[in-house]
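Trainee: Read top to bottom, the protein sequences are chains A and B. Numbering that gives the first Met the number 0 applies: residue 0 is where the first sequence begins, and numbers increase by one. Numbering that gives the first Met the number 0 applies: residue 0 is where the second sequence begins, and numbers increase by one. Where a beta carbon is used, it is the ideal one built from N, C-alpha and C, also for glycine. Bear in mind the structure is a predicted one, so any value in this text is a computation, not a measurement. Take this structure first; my questions come after.
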Amino acid sequence: MSRNILITGANGALGLALAEYFFTKEADCRVFLGVRERRERAEELATRFPGRADLITLEITSPEAWKTALAEIEAKTGALGVLINNAGFHEDALLANMSQDQWSRVLDANLNAVFHGCQAVLPAMMRQRQGRIVNIASLSAISSPAGQTNYAAAKAGVIGLTQSLAKESARMGITVNAVCPGYIEGGLPADWTPEHLKALKMQLPMRRFAKPSEVAAAVFFLASAEASYITGTALKIDGGML
Amino acid sequence: MPTRQRLKELMISELMLDMTADDIGDDTPLFGPAGIGLDSVDALQLVVMIEKNFNFKMADQDQAKRILQSVSTIAEALDQKAAA
Chain A
0 MSRNILITGA NGALGLALAE YFFTKEADCR VFLGVRERRE RAEELATRFP GRADLITLEI
60 TSPEAWKTAL AEIEAKTGAL GVLINNAGFH EDALLANMSQ DQWSRVLDAN LNAVFHGCQA
120 VLPAMMRQRQ GRIVNIASLS AISSPAGQTN YAAAKAGVIG LTQSLAKESA RMGITVNAVC
180 PGYIEGGLPA DWTPEHLKAL KMQLPMRRFA KPSEVAAAVF FLASAEASYI TGTALKIDGG
240 ML
Chain B
0 MPTRQRLKEL MISELMLDMT ADDIGDDTPL FGPAGIGLDS VDALQLVVMI EKNFNFKMAD
60 QDQAKRILQS VSTIAEALDQ KAAA
């Protein structure tokens with residue numbers, strides 16, 4: 000049976016890799032690429048998979064926007080089978096210097112948006128008695144680096160939400176899992192210098208960052224029928240870093 | 000099939016209960032240790048199950064609490080709706 004998949008943050012490096020992985024590995028799936036203002040790379044990807052990709056404008060922090068987006072998807076192709084909550088960003092600062100806005104923006108985008116997304120897709124998944132939700136958390140949820148109190152708290156919250164919702168929805172054929180990627184190529188701050196990146200790699204057991212496709216492969220598995228007895232997990236994808 | 004019997008069979012399949020319809024009395028409490036022992040997750044599933052199979056939508060949590068007492072209370076609510 001063909002599945003409808005919604006990936007938020009689909010214009011970013013990981014979002015694009017996730018979409019491409021699904022297109023390649025699941026021949027009849029249809030992928031909805033959740034984007035906001037920045038959409039040029041998602042548009043380019045969609046042209047490479049005609050008839051299988053739709054861009055969908057989605058302000059993830061708005062419950063109303065979720066309702067509208069899901070109504071659009073259902074009208075086009077039927078209920079959603081897979082939700083991948085991938086969108087998010089960090090805005091680092093030491094807590095002593097962090098503004099209330101910096102705290103709230105990061106919590107809104109990384110944690111509250113996951114709540115809105117899960118709440119929006121659940122009714123249809125419950126009626127179908129099947130569904131897959133994969134939340135992209137972060138290694139920061141576990142390693143809690145200095146300068147990321149907002150981001151680490153949000154991503155740790157995502158893991159908590161994932162595990163709790165997994166228990167609530169297990170009997171309904173819905174699995175809810177999270178992945179915790181470490182450093183990903185293409186997903187690193189643009190202002191990090193080559194020297195800094197080189198020094199960072201030296202600290203990693205594999206001495207390299209993850210390829211986006213390596214994270215996508217794990218997400219694809221968790222979203223597959225084969226992962227039917229895996230729910231509530233938070234999978235580290237960090238090349239042995241922690 | 001009578002409503003009560005249908006409800007019991009749906010509950011067994013949808014809530015994955017390891018029992019038969021005969022094990023569920025019409026008036027056996029659905030929740031708590033003195034009854035079948037359903038939990039809050041089952042309650043949510045019951046609401047969805049009733050909506051999907053009987054086109055009966057609970058108005059609010061209070062109504063759900065009143066109706067989801069036993070197979071009989073659910074059947075009575077469904078029969079009342081059918082008669083209305």
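Give the single residue among B:A63, B:F55, B:A42 and B:V40 whose Cα lies nearest to the Cα of A81 of chain B.
Mentor: For the purposes of this step, residue 81 of chain B is taken as residue 82 along the second sequence, with counting starting at 1. Closest by alpha carbon: B:F55.
Trainee: Under three-state DSSP, which class holds I6 of chain A?
Mentor: Within the first sequence, numbered from 1, the residue matching residue 6 of chain A stands at position 7. I6 of chain A: strand per DSSP, three-state reduction.
Trainee: Could you pull the start and end residues of the alpha helix (DSSP H) that T46 of chain A belongs to?
Mentor: For this step, residue 46 of chain A is matched to residue 47 along the first sequence. Residues E39 to R47.
Trainee: Mind checking whether V81 of chain A and L54 of chain A have CB atoms under 9 Å apart?
Mentor: Residue 81 of chain A sits at position 82 when you count from the first residue of the first sequence. Residue 54 of chain A sits at position 55 when you count from the first residue of the first sequence. Result no, Cβ atoms of V81 of chain A and L54 of chain A do not sit closer than 9 Å.
Trainee: For the stretch 150-176 of chain A, enumerate the residues whose C-beta is nearer than 7 Å to any C-beta of chain B, in chain order.
Mentor: Listed by position, the residues of the stretch 150-176 of chain A near chain B (Cβ gap below 7 Å) are E167, R170 and M171.
Trainee: Which residues bound the alpha helix (DSSP H) around N111 of chain A?
Mentor: For the purposes of this step, residue 111 of chain A is taken as residue 112 along the first sequence, with counting starting at 1. Looking at the DSSP string, N111 of chain A is not in any alpha helix (DSSP H), and its letter there is neither H nor E.
Trainee: Which full runs of the beta strand (DSSP E) of 3+ residues lie inside the stretch 60-110 of chain A, going along the chain?
Mentor: List check, beta strand (DSSP E) in window: 81-84.
Trainee: Which whole-angstrom value describes the C-beta separation of T7 of chain A and N109 of chain A, a residue pair presumed to lie in contact below a C-beta threshold of 8 Å?
Mentor: To locate residue 7 of chain A, count along the first sequence from 1; it is residue 8. To locate residue 109 of chain A, count along the first sequence from 1; it is residue 110. Not a contact, Cβ separation roughly 11 Å.
Trainee: Grab me the residues of T161 of chain A's own chain with a C-beta within less than 7 Å of its C-beta, minus the 5 sequence neighbours each way, in chain order.
Mentor: The residue given as residue 161 of chain A occupies position 162 in the first sequence. Answer for T161 of chain A: N134, V175, N176, A177, G231 and A233, listed in chain order.
Trainee: Return the CA-CA distance between A198 of chain A and W191 of chain A, expressed in angstroms with no decimal places.
Mentor: Here residue 198 of chain A is taken as the residue at index 199 of the first sequence, counted from 1. Here residue 191 of chain A is taken as the residue at index 192 of the first sequence, counted from 1. Near 11 Å, if we compare the C-alpha coordinates of W191 of chain A and A198 of chain A.
Trainee: Give a yes or no on whether the minimum CB-CB distance between L6 of chain B and chain A is below 9 Å.
Mentor: Indexing the second sequence from 1 puts residue 6 of chain B at position 7. Not closer than 9 Å to any Cβ of chain A, the Cβ of L6 of chain B fails to qualify, so no.
Trainee: Taking the straight line between their C-alpha atoms, what separation do you get for R2 of chain A and S98 of chain A?
Mentor: Along the first sequence, read from residue 1 onward, the residue named residue 2 of chain A stands at position 3. Along the first sequence, read from residue 1 onward, the residue named residue 98 of chain A stands at position 99. Whole-angstrom Cα-Cα distance: 42 Å.
Trainee: Where do the ends of the beta strand (DSSP E) carrying I135 of chain A lie?
Mentor: Within the first sequence, the letter at position 136 stands for residue 135 of chain A. Segment G130 to I135, the beta strand (DSSP E) holding I135 of chain A.
Trainee: Against chain C, with Cβ distances strictly below 9 Å, would M15 of chain B count as a contact?
Mentor: Of the protein chains in the structure, A and B, none is chain C.
Trainee: If you follow the beta strand (DSSP E) that L234 of chain A is part of, which residue opens it and which one closes it?
Mentor: In the first sequence, the residue the question calls residue 234 of chain A occupies position 235. That run of the beta strand (DSSP E) goes A233 to I236.
Trainee: What residues in its chain sit with their C-beta under 7 Å from that of K210 of chain A, if we drop five residues either side in the sequence?
Mentor: Numbered from its first residue, the first sequence carries residue 210 of chain A at position 211. Contacts found: E184.
Trainee: Given this structure, state the Cα-to-Cα distance separating Q79 of chain B from V157 of chain A, to the nearest angstrom.
Mentor: Residue numbering aside, residue 79 of chain B sits at position 80 when the second sequence is read from its first letter. Residue numbering aside, residue 157 of chain A sits at position 158 when the first sequence is read from its first letter. Roughly 43 Å between the two C-alpha positions.
Trainee: Between the Cα of K154 of chain A and those of A:L196, A:N111 and A:A217, spot the shortest distance and give me the residue it belongs to.
Mentor: Residue 154 of chain A sits at position 155 when you count from the first residue of the first sequence. Per the Cα distances, A:N111.
Trainee: Between the Cα of A140 of chain A and those of A:D27, A:F31, A:L17 and A:D237, spot the shortest distance and give me the residue it belongs to.
Mentor: Indexing the first sequence from 1 puts residue 140 of chain A at position 141. Checked all of A:D27, A:F31, A:L17 and A:D237; the closest Cα to A140 of chain A is A:D237.
Trainee: Check whether the Cβ atoms of K66 of chain A and A119 of chain A lie closer than 9 Å to each other.
Mentor: Position 67 of the first sequence holds residue 66 of chain A. Position 120 of the first sequence holds residue 119 of chain A. Their beta carbons are under 9 Å apart, which means K66 of chain A touches A119 of chain A by this criterion.
Trainee: For the beta strand (DSSP E) containing L29 of chain A, name the first residue and the last one.
Mentor: The residue labelled residue 29 of chain A in the question sits at position 30 within the first sequence. Going by the sequence as given, residue 29 of chain A is Arg instead of Leu. Start and end: R29 to V34.
Trainee: Using 10 angstroms around the beta-carbon of L125 of chain A, count the other beta-carbons present and answer buried if the total reaches 16, otherwise exposed.
Mentor: Against the first sequence, residue 125 of chain A aligns to sequence position 126. For clarity, residue 125 of chain A is Met in the given sequence; the question names Leu instead. With 16 or more other Cβ atoms within 10 Å, it is buried.
Trainee: Residues of chain B with CB under 7 Å from M125 of chain A, in chain order?
Mentor: Taking the first sequence and counting its residues from 1, one reaches residue 125 of chain A at position 126. The contacting residues are V47.
Trainee: Report whether the distance from the Cβ of D237 of chain A to the nearest heavy atom of the ligand PLP is below 8 Å.
Mentor: What this structure holds is no ligand at all, so the ligand PLP is not there to describe.
Trainee: Leaving aside the five residues before and after Q101 of chain A along the sequence, list all residues of the same chain whose C-beta is less than 7 Å from its C-beta, in chain order.
Mentor: Mapped onto the first sequence, residue 101 of chain A falls at position 102. Cβ neighbours of Q101 of chain A beyond the five flanking positions: E90, A92 and N149.
Trainee: Using 10 angstroms around the beta-carbon of S227 of chain A, count the other beta-carbons present and answer buried if the total reaches 16, otherwise exposed.
Mentor: Counted from its first residue, the first sequence places residue 227 of chain A at position 228. With fewer than 16 Cβ atoms within 10 Å of its Cβ, S227 of chain A is classed as exposed.
Trainee: Per DSSP, which one or two residues make a beta bridge with I55 of chain A?
Mentor: Within the first sequence, the letter at position 56 stands for residue 55 of chain A. Answer by DSSP bridge pairing, in chain order: A:G33.
Trainee: Going along chain A, which residues have a C-beta under 9 Å from K80 of chain B?
Mentor: By 1-based counting over the second sequence, the position of residue 80 of chain B is 81. What K80 of chain B touches in chain A: nothing, since even the nearest Cβ is about 19 Å away.
Trainee: At least one CB of chain B closer than 9 Å to the CB of P122 of chain A: is that the case?
Mentor: Along the first sequence, one-based indexing puts residue 122 of chain A at 123. Yes, P122 of chain A lies at the interface with chain B (some Cβ there is under 9 Å from its Cβ).
Trainee: Roughly how many angstroms separate the alpha carbons of A216 of chain A and D25 of chain B, rounded to a whole number?
Mentor: Taking the first sequence and counting its residues from 1, one reaches residue 216 of chain A at position 217. Taking the second sequence and counting its residues from 1, one reaches residue 25 of chain B at position 26. Answer to the nearest angstrom: the Cα atoms are 49 Å apart.
Trainee: Where R128 of chain A and A95 of chain A are concerned, what is the direct C-alpha to C-alpha distance, given to the nearest angstrom?
Mentor: Here residue 128 of chain A corresponds to residue number 129 of the first sequence, with the count starting at 1. Here residue 95 of chain A corresponds to residue number 96 of the first sequence, with the count starting at 1. Roughly 46 Å separates the two Cα atoms.
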